[in-house]
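> Residue numbers (the working numbering): 2 to 148. The C-beta atom is built at its ideal place from N, Cα and C for all residues, glycine as well. Please read all numbers here as calculations on a predicted model, not as lab measurements.
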Ligand SMILES: Cc1cc2nc3c(=O)[nH]c(=O)nc-3n(C[C@H](O)[C@H](O)[C@H](O)COP(=O)(O)O)c2cc1C
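1) Give a yes or no on whether the minimum CB-CB distance between residue 12 and chain D is below 9 angstroms.
2) Between residue 16 and ligand 1, is there a pair consisting of the residue's CB and a ligand heavy atom that are separated by less than 8 angstroms?
3) Name the two residues that bound the continuous alpha helix (DSSP H) containing residue 62.
4) Just how far apart, CA to CA, sit residue 68 and residue 105?
5) Whole-angstrom Cβ separation of residue 66 and residue 120, contact assumed at under 8 angstroms?
6) Residue 5 to residue 103, Cα distance in whole Å?
7) Check the C-beta distance from residue 151 over to residue 30 and give it rounded, since I have them as a contact under 8 angstroms.
8) Taking only three categories from DSSP, how would you classify residue 7?
9) What are the boundary residues of the alpha helix (DSSP H) that residue 33 is part of?
10) Shorter than 8 angstroms, the distance from the beta carbon of residue 2 to the closest heavy atom of ligand 1, or not?
11) Quick check on residue 27: buried or exposed, where buried means 16 or more other Cβ atoms within 10 Å of its Cβ?
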């Protein structure tokens with residue numbers, strides 16, 4: 002029977018350590034994937050090669066967030082979808098430069114089109130400054146383990 006280890010696995014190094022330490026067949030990632038779905042490919046790459054993948058681009062996180070939010074509207078309906086999207090938008094943008102103000106303002110928006118437009122505005126601005134995702138707090142760099 003396959004054994005899966007989990008709990009607080011947030012970096013490729015932690016995944017490798019837990020796999021070695023427990024001898025488990027796989028690891029399961031929960032919270033660390035919220036807003037950072039590329040963690041799976043990052044861990045996979047690290048386990049296979051021992052090297053770090055390049056960070057995702059701001060364009061990729063932009064597209065992922067928009068697609069996810071539109072899926073939420075479709076699945077839950079516009080009203081409930083808008084509210085559920087707020088927490089996902091928060092996860093996607095947590096730690097990104099100048100994002101605290103964005104999240105506070107985002108959480109007051111009550112209109113679906115406005116929510117989408119504001120996501121576009123935030124990420125377009127970010128993309129102008131940097132090609133790759135840049136986190137404000139450098140402890141997050143370690144946490145993400147992408148360089
Ligand atoms: C977004 C999310 C989805 C999850 N989905 C599942 C699931 O489908 N099956 C399951 O057994 N546990 C699921 N869990 C629980 C986690 O696998 C895990 O037990 C728990 O979150 C602790 O691990 P973490 O520290 O990586 O979050 C989920 C957790 C989160 C946050």
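On the basis of the data shown:
1) Reference to chain D is not applicable here, since this structure consists of a single protein chain.
2) What you label residue 16 is simply residue 15 of the chain shown in a count that begins at 1. With a cut-off of 8 angstroms, the C-beta of residue 16 is classified as distant from ligand 1, since no heavy atom of the ligand falls inside that distance.
3) As a working mapping, residue 62 is identified with position 61 in the chain shown. In the DSSP assignment, residue 62 falls within the unbroken alpha helix (DSSP H) covering 59-77.
4) For the purposes of this step, residue 68 is taken as residue 67 along the chain shown, with counting starting at 1. For the purposes of this step, residue 105 is taken as residue 104 along the chain shown, with counting starting at 1. One C-alpha to the other measures close to 21 angstroms.
5) Residue numbering aside, residue 66 sits at position 65 when the chain shown is read from its first letter. Residue numbering aside, residue 120 sits at position 119 when the chain shown is read from its first letter. The Cβ separation is near 6 angstroms, so the contact holds.
6) Walking along the chain shown from the start, residue 5 turns up at place 4. Walking along the chain shown from the start, residue 103 turns up at place 102. Going from the Cα of residue 5 to the Cα of residue 103 covers about 37 angstroms.
7) Residue coverage of the chain in this structure runs from 2 to 148, which leaves residue 151 outside it and unanswerable.
8) Position 6 of the chain shown, counted from the first residue, corresponds to residue 7. Strand at residue 7.
9) Position 32 of the chain shown, counted from the first residue, corresponds to residue 33. From DSSP, residue 33 is part of no alpha helix (DSSP H); its letter is neither H nor E.
10) The count along the chain shown starts at 1 and reaches residue 2 at position 1. Ligand 1 never approaches residue 2 closely enough for any of its heavy atoms to be under 8 angstroms from the residue's Cβ.
11) In the chain shown, the residue the question calls residue 27 occupies position 26. With fewer than 16 other Cβ atoms inside 10 Å of its own Cβ, residue 27 counts as exposed.
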